[in-house]
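**Student:** Respectively, the protein sequence lines represent chains S and U. Heads up, the first sequence is in UniProt numbering, so the first residue is 1 and it goes up one at a time. Heads up, the second sequence is in UniProt numbering, so the first residue is 1 and it goes up one at a time. Provided herewith is a single structure, encoded as structure tokens, for subsequent inquiry.
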Amino acid sequence: MSNFDSTIFEPVIGLEIHAQLQTNSKIFASDPVLFGQDPNTLISPITLGHPGTLPKLNINAVNFAIKMGLAIGSEITSKQYFDRKNYFYPDLPKGYQITQDKTPICMGGAVKVRLKAGPKEIPFHHIHLEEDAGKSIHEGDNPYSFIDFNRAGTALIEMVTEPALHSAEEAFALVTEVRKLVRYLGICDGNMEEGSLRADVNVSLRKVGETKLGTKVEIKNMNSIRNIQRAIEYECFRQSEALLNGEQLVQETRTFDAHTGKTHSMRVKETMNDYRYFPEPDLAPLEITEKWIAEIKSKMPLLPWEQEAEFINTYHLPEYDAHFLAESKEMADYFKEIASKTKAVKAISNWLMGPVKSYLNDNHLEISQFPLSADRLAEIIDLVESGTLSHNLASHQLFPLCLSNPTENAIQIVEKQGWLANKPDEDSLHTIIEDTLNNFPDKVKEYHKGKKGLLAMFMGDVMKKTKGTADPKRLNQLMAEALENRK
Amino acid sequence: MKISTEEIEKIAHLARLELSNEQKEEMRSSVEKVLVWMEALNEVDTDGIEPLVHITEALNNFRPDEAKPTLDRTKALNLGPDTNDQYFKVPQVIE
């Protein structure tokens, strides 16, 4: 919203980010955790909350939560237990959610984000473990809602920030960073469309310079990082308009409508809820030993910022390239796999940032869906680096041919195309160069008068005549010599 | 009075219980008796004693992360008050 004036009001924003853990089974039952299955096929008496059933804690849910805590520098709580949060909702079969209220598994920590103005550390209050609810499906004016319990009991971590964010940009950057982090850790697929990663946002405004917090609004149900940013921008605008008009804001829960870009009030009454938390008697308390934490630490994968540092320090790549390549673990791993096959690391990076990235963008693909193996791309890069093919020929002709036939060796494709046979030898390249220069006597004069940019035009003409097969480095040298001789 | 009728009404609402006026009074006096009885505990000096969360010594009772066969859907739905062939049905939930 353009009419929010940040010189009058300062937004105070806190995020609750929920991540579904990629465990094989649910947090308290052995039903598989899978997305997109037929409704009510991933259920058990425990999930349905039948009398007489007992929950039993999945050890990997605990391991994954500790991993996240260690990654952001949290303190791992040594003695913990679970609590019951009591409320009625059809997608919550037991009438309570098992969560951690008093003793969250991780306390504190921070995530560093990059903002236009520079880096900032966003502090976290805590991370706790809990179970997800089922899904309610509403069909227009059908007098029923339909309940699917497949998701009920999926392990979640809820990551709660301090109310320390002050713009939509910061929230956007934070969720982006958290999403990247959970993927690197392999604890959550980060798929926001499928709801594996979701965020609730608390927004309030206060006059610039004030320390007392204003009335906050909670926005729920956001399924993309872009929508989180839009919802905050809208809320800042709406709240500042209200405050400037002397209106009183109400503490409430609102939903964001992605079509209109606006937030709407929902169930004001439910903020009156009294959850009557008490310790969950059906689950034994936890004790997380130093030894256990050390074991998880020893198996931590490279984290995004460590990966970026490795690209800079070990691969000697520019910061820009390092940041691009470390954007996802899959991209980083793909780069490293190619780098184990060809030494031209900067060329690999250029290929990934250039033709590969364009291909992915054009086809709306992720790097994990890219058809070429690391071997194939290494072959293409080697053909260019050895001077066998020009970069132009490789990127505009060989690359698309490889993509349409990913199983064929790049060298075989080059042979089939006859590019090597057509490649001019030293003598014929000389002849073609002379021929080109003879065709443009005026341009040659201009070149000698200082219009050095014409070199590209001469080179281009030769490339056209050789169908792109001339070695650009050699051509460059020979062309320079030929021009020098005509002075 | 240890507990008021309003408090009983609030607790009944949170538990989704509908109580008649007689039942409310019955409930109030019975909860009051429990509270009076529990008050005896206040006589014990608990200074410096950690709150006891669980009465057993059980600790770290974990399950390995293994997915196992699930409950047959038809069987599960048969236990629901109202269903179709795929879902549990509830009165429409409007958000």
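A virtual CB, placed ideally from N, CA and C, is assigned to each residue, including glycine.
Can you find a C-beta in chain S that's less than 8 Å from the C-beta of Leu35 of chain U?
**Tutor:** Answer no: the Cβ-Cβ gap between Leu35 of chain U and chain S never drops below 8 Å.
**Student:** From the DSSP output, which residues share a beta bridge with residue 492 of chain S?
**Tutor:** Chain S is shown only over 1 to 487; residue 492 of chain S falls outside these bounds and no answer can be derived.
**Student:** How would you call Thr271 of chain S, buried or exposed, if buried means at least 16 neighbouring beta carbons within 10 angstroms?
**Tutor:** Here the model assigns Thr271 of chain S a pLDDT of 45, short of 50, so the residue's position is not dependable, and the following value carries that caveat. Thr271 of chain S should be labelled exposed.
**Student:** Are the region 30 to 39 of chain S and the region 84 to 100 of chain S touching, with three or more C-beta to C-beta distances below 8 Å?
**Tutor:** Contact fails: fewer than three Cβ-Cβ distances are below 8 Å.
**Student:** Applying the 10 Å Cβ sphere with the 16-neighbour rule, what's the burial state of Ser30 of chain S?
**Tutor:** Buried, because 16 or more other Cβ atoms sit within 10 Å of the Cβ of Ser30 of chain S.
**Student:** Please list, in chain order, the residues of the region 13 to 31 of chain U that have any C-beta partner in chain S closer than 8 Å.
**Tutor:** Within the region 13 to 31 of chain U, the residues whose Cβ lies closer than 8 Å to some Cβ of chain S are Leu14 and Arg16, listed in chain order.
**Student:** Does the structure place the region 101 to 108 of chain S close enough to the region 122 to 132 of chain S that three or more beta carbon pairs sit under 8 Å?
**Tutor:** Cβ pair count under 8 Å is three or more, so yes.
**Student:** Excluding five sequence neighbours on each side, which residues of the same chain lie with their C-beta closer than 8 Å to the C-beta of Val111 of chain S?
**Tutor:** Excluding positions up to five away in sequence, the list reads Ile72, Glu121, Ile122, Phe124, Leu174, Glu177, Val178 and Leu181.
**Student:** Got a sec: which bits of the region 135 to 157 of chain S sit with their beta carbon under 8 Å from any beta carbon on chain U, in order along the chain?
**Tutor:** So the close ones are Ser136, Ile137, His138, Asn142, Pro143, Tyr144, Ser145, Phe146, Ile147, Asp148 and Phe149.
**Student:** On the criterion of 16 or more Cβ atoms from any shown chain inside 10 Å, does Gln22 of chain S qualify as buried, or is it exposed?
**Tutor:** The residue in question, Gln22 of chain S, is buried, as its Cβ has 16 or more Cβ neighbours within 10 Å.
**Student:** Please report whether the beta-carbon of Leu41 of chain U lies at a distance below 8 Å from any beta-carbon of chain S.
**Tutor:** False, the Cβ-Cβ gap to chain S never drops below 8 Å.
**Student:** Residues of chain S with a CB under 8 Å from the CB of residue 97 of chain U: which are they?
**Tutor:** There is no way to answer for residue 97 of chain U, as the model of chain U reaches only from 1 to 95.
**Student:** So the candidates are S:His364, S:Gly354 and S:Val414; which of them puts its Cα closest to the Cα of Glu379 of chain S?
**Tutor:** Closest option to Glu379 of chain S, Cα to Cα, is S:Val414.
**Student:** With contact counted as at least three CB pairs below 8 Å, one residue from each stretch, are the region 129 to 147 of chain S and the region 61 to 79 of chain U in contact?
**Tutor:** Not touching, per the Cβ criterion.
**Student:** Between which two residues does the beta strand (DSSP E) holding Asp114 of chain S run?
**Tutor:** Here the sequence assigns Arg to residue 114 of chain S, which means Asp is not the residue at that position. Segment Ala110 to Leu115, the beta strand (DSSP E) holding Arg114 of chain S.
**Student:** Kindly list, in the order they appear in chain U, the residues whose Cβ is closer than 7 Å to that of Glu287 of chain S.
**Tutor:** What Glu287 of chain S touches in chain U: Leu59 and Asn60.
**Student:** Take Lys297 of chain S as the anchor and find which of S:Phe28, S:Ala65, S:Glu319 and S:Ala19 has the nearest alpha-carbon.
**Tutor:** The candidate whose alpha carbon is nearest that of Lys297 of chain S is S:Ala65.
**Student:** Is it the case that the Cβ atoms of Ile219 of chain S and Arg276 of chain S are separated by a distance below 8 Å?
**Tutor:** It is not a contact, given that the beta carbons lie outside the stated cut-off.
**Student:** Give, in chain order, every unbroken run of the beta strand (DSSP E) that is at least 3 residues long and sits entirely within the region 189 to 233 of chain S.
**Tutor:** Counting only runs of 3 or more, we get 197 to 207 and 217 to 222.
**Student:** Output, in sequence order along the chain, the residues in the region 47 to 66 of chain S whose CB is closer than 7 Å to any CB in chain U.
**Tutor:** Flagged, chain order: Leu48, Lys56, Leu57, Asn58, Ile59 and Asn60.
**Student:** Between which two residues does the alpha helix (DSSP H) harbouring Ile338 of chain S extend?
**Tutor:** Ile338 of chain S -> alpha helix (DSSP H) spans Lys329 to Ala339.
**Student:** Report the three-state DSSP secondary structure of Gly80 of chain U (helix, strand or coil).
**Tutor:** Here Gly80 of chain U sits in coil by DSSP.
**Student:** Since Arg284 of chain S meets chain U, which of its residues come closer than 8 Å, beta carbon to beta carbon?
**Tutor:** Inspection of the sequence shows that residue 284 of chain S is occupied by Ala rather than by Arg. Simply His54, Thr56, Ala58, Leu59, Asn60 and Asn61.
**Student:** So Ser240 of chain S and Leu71 of chain U are supposed to be a Cβ contact under 8 Å. How far apart are they, rounded?
**Tutor:** About 52 Å; that fails the 8 Å criterion.
**Student:** Going by C-alpha distance, which of S:Asp141, S:Asp148 and S:Thr77 is nearest Asp91 of chain S?
**Tutor:** It is S:Asp148.
**Student:** What are the residues in the region 74 to 89 of chain S lying within 7 Å of chain U by C-beta distance?
**Tutor:** So the list reads Tyr81 and Phe88, given in the order they occur along the chain.
**Student:** From the DSSP output, in three-state form, read off Gln248 of chain S for me.
**Tutor:** Here Gln248 of chain S sits in coil by DSSP.
**Student:** Using only the alpha-carbon positions, how far apart do Met1 of chain U and Thr215 of chain S sit?
**Tutor:** Distance between the alpha carbons of Met1 of chain U and Thr215 of chain S: 36 Å.
**Student:** Checking 8 Å against the spacing of the C-beta atoms, do Trp419 of chain S and Ile381 of chain S come in under that value?
**Tutor:** Taking 8 Å as the Cβ cut-off, Trp419 of chain S and Ile381 of chain S do not qualify as a contacting pair.
**Student:** Apart from the five residues just before and just after Pro119 of chain S, which ones in its own chain have a Cβ nearer than 8 Å to its Cβ?
**Tutor:** Cβ neighbours of Pro119 of chain S beyond the five flanking positions: Lys112 and Val113.
**Student:** Quick check on this structure: which residue in S:Glu162, S:Val356, S:Ala482 and S:Glu252 has the alpha carbon closest to the alpha carbon of Ala374 of chain S?
**Tutor:** Among S:Glu162, S:Val356, S:Ala482 and S:Glu252, the Cα nearest to that of Ala374 of chain S belongs to S:Val356.
**Student:** For chain S, check one thing: does any of its Cβ atoms lie closer than 8 Å to the Cβ of Lys2 of chain U?
**Tutor:** Taking Cβ atoms only, chain S never reaches closer than 8 Å to Lys2 of chain U, which makes this a no.
**Student:** Grouping DSSP H, G and I as helix and E and B as strand, with all else coil, what is Thr271 of chain S?
**Tutor:** Caution applies to Thr271 of chain S, whose pLDDT of 45 falls short of 50 and renders its modelled position unreliable; the value that the coordinates give is listed next. The answer is helix: DSSP assigns Thr271 of chain S an H, G or I state.
**Student:** Using a Cβ-Cβ cutoff of less than 6 Å, which residues in the same chain neighbour Met353 of chain S once the five nearest sequence positions on both sides are dropped?
**Tutor:** Counting only Cβ-Cβ distances below 6 Å, and skipping sequence neighbours, we find Phe324.
**Student:** Is Leu429 of chain S a contact residue of the ligand NAP, with contact defined as CB to any heavy atom under 7 Å?
**Tutor:** Annotation note on the ligand NAP: not contained in the displayed structure, which lists no ligands.
**Student:** Do Ala164 of chain S and Gln229 of chain S have their CB atoms nearer than 8 Å?
**Tutor:** The answer is no: Cβ separation not under 8 Å.
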